[in-house]
Amino acid sequence: MADPRFFTPKGPFSLARLAELAVADLAPGADLAKEFTHVAPLETAGPEAVGFLDNRRYVDVFCQSRAGACVVRPAMADKAPAGMELLLAKEPYPAYARIARAFFPSSDPVSEVSPSAVVDSTARLSPDCRVEAGAFIGAGAEIGRRSTIRANAVIDAGVVIGNDCVVGACASLSHCLIGNRVVIYPGARIGQDGFGFATSKDGHLRIPQVGRVVIYDDVEIGANTTIDRGSGPDTVIGRGCMIDNLVQIAHNVQLGEGCIIVAQVGISGSTKLEDHVVAGGQAGLTGHLKIGKGSRIAAQAGVMRDTEPGQNYGGSPAVPAREWHRQTVALARLAAGKGTK
Amino acid sequence: MADPRFFTPKGPFSLARLAELAVADLAPGADLAKEFTHVAPLETAGPEAVGFLDNRRYVDVFCQSRAGACVVRPAMADKAPAGMELLLAKEPYPAYARIARAFFPSSDPVSEVSPSAVVDSTARLSPDCRVEAGAFIGAGAEIGRRSTIRANAVIDAGVVIGNDCVVGACASLSHCLIGNRVVIYPGARIGQDGFGFATSKDGHLRIPQVGRVVIYDDVEIGANTTIDRGSGPDTVIGRGCMIDNLVQIAHNVQLGEGCIIVAQVGISGSTKLEDHVVAGGQAGLTGHLKIGKGSRIAAQAGVMRDTEPGQNYGGSPAVPAREWHRQTVALARLAAGKGTK
Amino acid sequence: MADPRFFTPKGPFSLARLAELAVADLAPGADLAKEFTHVAPLETAGPEAVGFLDNRRYVDVFCQSRAGACVVRPAMADKAPAGMELLLAKEPYPAYARIARAFFPSSDPVSEVSPSAVVDSTARLSPDCRVEAGAFIGAGAEIGRRSTIRANAVIDAGVVIGNDCVVGACASLSHCLIGNRVVIYPGARIGQDGFGFATSKDGHLRIPQVGRVVIYDDVEIGANTTIDRGSGPDTVIGRGCMIDNLVQIAHNVQLGEGCIIVAQVGISGSTKLEDHVVAGGQAGLTGHLKIGKGSRIAAQAGVMRDTEPGQNYGGSPAVPAREWHRQTVALARLAAGKGTK
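Chains as they are written, first to last, in the numbering used here: chain A, 150 to 490; chain Y, 150 to 490; chain S, 150 to 490.
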């Protein structure tokens, strides 16, 4: 059960209401009025909690769980332990997400500008935004409705932040325009100069970086992730992108809509990702590439060429995933002294 | 010699006292009363300094060193330059550690809450803790005895920090419970939401992350490292773990006792490391794995399967180390146009 | 055109003046008096803007650009669209850099110590330095002429910062000496303890790290990069080094002059890079290596041995680049069921 020092669930919700929220079916004989007070992992859930089963690795945990209800695929129904109510959904994870969000909704912030925040007199703060202790807001910056600037964050001059955003503790933003419902995690660095210099006989000459970072609606930027501003063009993060922790996004990179960028990925300058690209953890993409719509890049892959839409890639240097798997098998066989067939 | 702007050594200590501290043997004829004032690298140490030799790469440096004393393996004794006192230990590095800690002990902080810190009225601070300038302490948070919160760090509501801890400058902690003698380096991010969302036809649905981060005693968390809180279960860091800089630890990861996680490692969600696992720099572990007790993962390895206790792994995808070395050799021979034997 | 919320160009400059600044030749019949007001990417530049063409990938963009002037190699002159003035340079990128720097020079900061900064009474601040809101300056620290400490940065006791430096928002510095014209990006962590401990039967014994970080003139340190102080020797960053974001530099590492370290590189303890080494993104170097002058390490390479001066390396474990390419080709052929010739 969620630690009450940190979380306060809404509810309780009846089974009928949960099915409605989750867009899930109920099993015959379900007790529609039965009430539930929270969500919990199947291992530790008790009779008042709702859990979920999505990953087959955890079927045994499901079979022995004491959870009062569980979101599962219909095919798993007959493995459920006695007494467990079932919320049947073809895609249990988004169904569970809707239930968990009902118990733990994001709430509007308490509007307040901390007396220890430093806000430039020309900054424009919406009346219902929140600026916490030690935050800095520079000249001409704009903070939208119900947006929160957490403690010790730094918002530089001219930055525009839309509505319902959160900028995490100790994050810093400059030279950027941020849409609505954007969540920036603690320590993220957005809008600093890119790594732009020309090497000459006089040494490395820094080149002024006169673009911006433009972040569209519904984006998340992970903790300690760095996004450099463009050198002249902008660096662009498309609507609905999810970017994990410790990711590096270089100047002029463009991400389409709904991309998923897992932790510690690095994307070099001027590379363009079309919509719905997925890059696994620690993958690296060199500069000036075009990554086709819906390409999936495996963890630790090193992408050095453009990719085809909808295709999977892996390895370093990256190749189409099937080829990568063949290489892996061929190398193992070679090392074992076997032939390739 | 350590720069006096930054370090003030204790001492001097006699050779006899150093041998006692280090649990080291002395060579016949050692001058027990000879005094030493500091520790220093063998390259630059003078007659009043104590150095050490652990890595064979540096034997030549040892032979030419002017250090007054040196911690070495007994087998090296006959290579010592004339006039150098020897502290003989089978394991020179921990022996040297004990001597260096005598010269440079960690001292209790000066208790003080900076007038520019912002501390919620419901936070519970021990009377001998230290809270520096610009730090923020949220509602209900607890800071233990002799613990220090460095400048501009952010401790969110409900966080519990034990005794003799240090939270570095500009670090941020939320939704976490921290044991005793835990050192959190500058810029570390602990307890933010994990990268948890369900992809549906409505886009990426964020899933409330209602677990915590639980950190046991004697842990170190490196600079700019990120540790996400659990999604329902907790993220757990076991007693005595040493975590380097820029490491990513995802939600629900569990580390056993005494694990060593080198810089830039990434550990994906729900993976469990048993005790004393060592992960080399930039290694990546995918999610939902079980890493056996004492497994050693090579730098840059990409672990995609469970590992056996006590075994070494390398490569991407990772395989047992012997196999990895065979693969490396076989590929080099293949590229050179040679056979596999 | 650069967003006026963030950038205010100098100028206008005549074509003759731009040629002089860039040390570029003009084409016959050039309109020497024609004036230009800013720089812009070739895609979006209009008749008053100056662009550049360096990468062949963008020749088509050049041919269709509406830019009033463009810095290009002489060989490209005949592909220019009608009406475009040409600034001809064998190396267009540094030539463009000089023009862009004329439009967007770095200007001296407005001298001021924010009333919300916390500055120790024994710190020595030059009269024309700038210390922004929420910054902390510890006992005995020194800040040179025209140097800026951005908002919420932390400069610990004894740190020395030269002239014309910038320390970014939320960065933290301790135990370090910084030269002139050094730029430290937001969230960088410099001078904390290295990852130094000895493993013994009593657990992991932390070893006091009594060295410093010494950074020479004209260095850039990227956002959220971490540089640990030496254990006894110093960690040293040579003059003119360019270090990108999220780089890890461990204790006792030494970088020669003019090294280029791309994002997410990790360099392990005591490794020495000679002058002008280039390390590509996500490359990893193990400890105690000597990397020869001008060595070039490919992205994602894993260097485990010393390298020869002037040579290129790639792969993990890294080998000379030619060998790496042969391995890549040989493995692809093997996987395709073909021979090695």
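A virtual CB, placed ideally from N, CA and C, is assigned to each residue, including glycine.
| Query | Result |
| --- | --- |
| Beta-carbon gap between Asp367/S and Val309/S smaller than 9 Å | no |
| Unbroken beta strand (DSSP E) run spanning Phe252/S, endpoints | Where Phe252/S is concerned, there is no enclosing beta strand (DSSP E), although the alpha helix (DSSP H) it sits in stretches over Pro241 to Phe252. |
| Pro469/Y - DSSP class collapsed to helix/strand/coil | strand |
| DSSP-derived helix/strand/coil call for Thr271/A | coil |
| Contact between the segment 263-281 of chain S and the segment 291-304 of chain S (3+ Cβ pairs under 8 Å) | yes |
| C-alpha gap between Ile364/Y and Ile409/Y, whole angstroms | 14 Å |
| Short-range partners of chain A found in the segment 306-331 of chain Y, where Cβ spacing is below 7 Å | Gly307, Cys319, Ser321 and His324 |
| Through-space distance from Ala194/S to Val452/S, alpha-carbon basis | 43 Å |
| Cβ shell of Ala470/Y (< 7 Å), same chain only, five flanking positions each side left out | Ala447, Asn461, Tyr462 and Gly463 |
| Opening and closing residue of the alpha helix (DSSP H) in which Arg355/Y lies | Looking at the DSSP string, Arg355/Y is not in any alpha helix (DSSP H); the run it does join, the beta strand (DSSP E), is Gly352 to Arg355. |
| Exposure of Arg378/A, with buried meaning 16 or more beta-carbon neighbours within 10 Å | buried |
| Contacts of Glu240/Y in chain S (Cβ-Cβ under 8 Å) | Ala347 and Ser349 |
| DSSP state of Lys159/Y mapped onto helix, strand, coil | coil |
| Alpha helix (DSSP H) segment containing Cys219/S, residue limits | It is not in any alpha helix (DSSP H) - Cys219/S instead sits in the beta strand (DSSP E) that spans Ala218 to Val221. |
| Amino acids of chain Y, ordered along the chain, whose beta-carbon sits closer than 8 Å to that of Arg475/S | Ala484 and Ala485 |
| Distance between Pro161/A and Arg250/A (C-alpha atoms, nearest Å) | 13 Å |
| Proximity winner among Ser417/S, Leu480/S, Lys439/S and Glu423/S, relative to Gly430/Y (alpha-carbon distances) | Ser417/S |
| C-beta contact flag for Leu395/S and Thr420/S at 9 Å | no |
| Residues sharing a beta bridge with Ala337/A, DSSP | Note: Ala337/A sits in no beta bridge, so no partner. |
| Distance CB(Pro466/Y)-CB(Gly441/Y) smaller than 9 Å | no |
| Any 3 or more C-beta pairs closer than 8 Å across the segment 235-243 of chain Y and the segment 217-226 of chain Y | yes |
| Residue burial classification, Val426/A (beta-carbon count within 10 angstroms, cutoff 16) | buried |
| Where Asp313/Y falls, given that 16 or more other Cβ within 10 Å makes a residue buried | buried |
| CA-to-CA distance, Pro357/A to Tyr242/S, given in whole angstroms | 12 Å |
| Supposed contact pair Phe285/S and Pro301/Y - C-beta distance, whole angstroms, cut 8 Å | Reading off the sequence shown, one finds Asn at residue 301/Y, where the question assumed Pro. At roughly 7 Å, the Cβ-Cβ gap stays under 8 Å, so Asn301/Y and Phe285/S are in contact. |
| Contact between the segment 322-329 of chain A and the segment 212-221 of chain S (3+ Cβ pairs under 8 Å) | no |
| Residue burial classification, Gly283/A (beta-carbon count within 10 angstroms, cutoff 16) | buried |
| In chain order, each beta strand (DSSP E) run of at least 3 residues that lies wholly inside the segment 400-446 of chain S | none |
| CB contact check: Val426/Y to chain S, cutoff 9 Å | no |
| Neighbouring residues, chain S, relative to Arg215/Y (Cβ below 7 Å) | Chain S residues near Arg215/Y: none, gap ~15 Å exceeds 7 Å. |
| Member of Asp305/A, Val478/A, Gly200/A and Ser265/A whose CA lies at the smallest distance from the CA of Ala484/S | Val478/A |
| C-alpha gap between Gly405/S and Ser270/Y, whole angstroms | 51 Å |
| Range covered by the alpha helix (DSSP H) that runs through Tyr212/S | According to the sequence as given, residue 212/S is Cys; it is not Tyr. Note, Cys212/S: alpha helix (DSSP H), Val208 to Cys212. |
| According to DSSP, residues forming a beta bridge with Gln133/Y | Nothing about residue 133/Y can be reported from this structure: the residues present for chain Y run from 150 to 490 only. |
| Distance, Phe346/Y Cα to Asp174/A Cα | 22 Å |
| Start-to-end residues for the alpha helix (DSSP H) that takes in Glu169/S | Leu164 to Ala171 |
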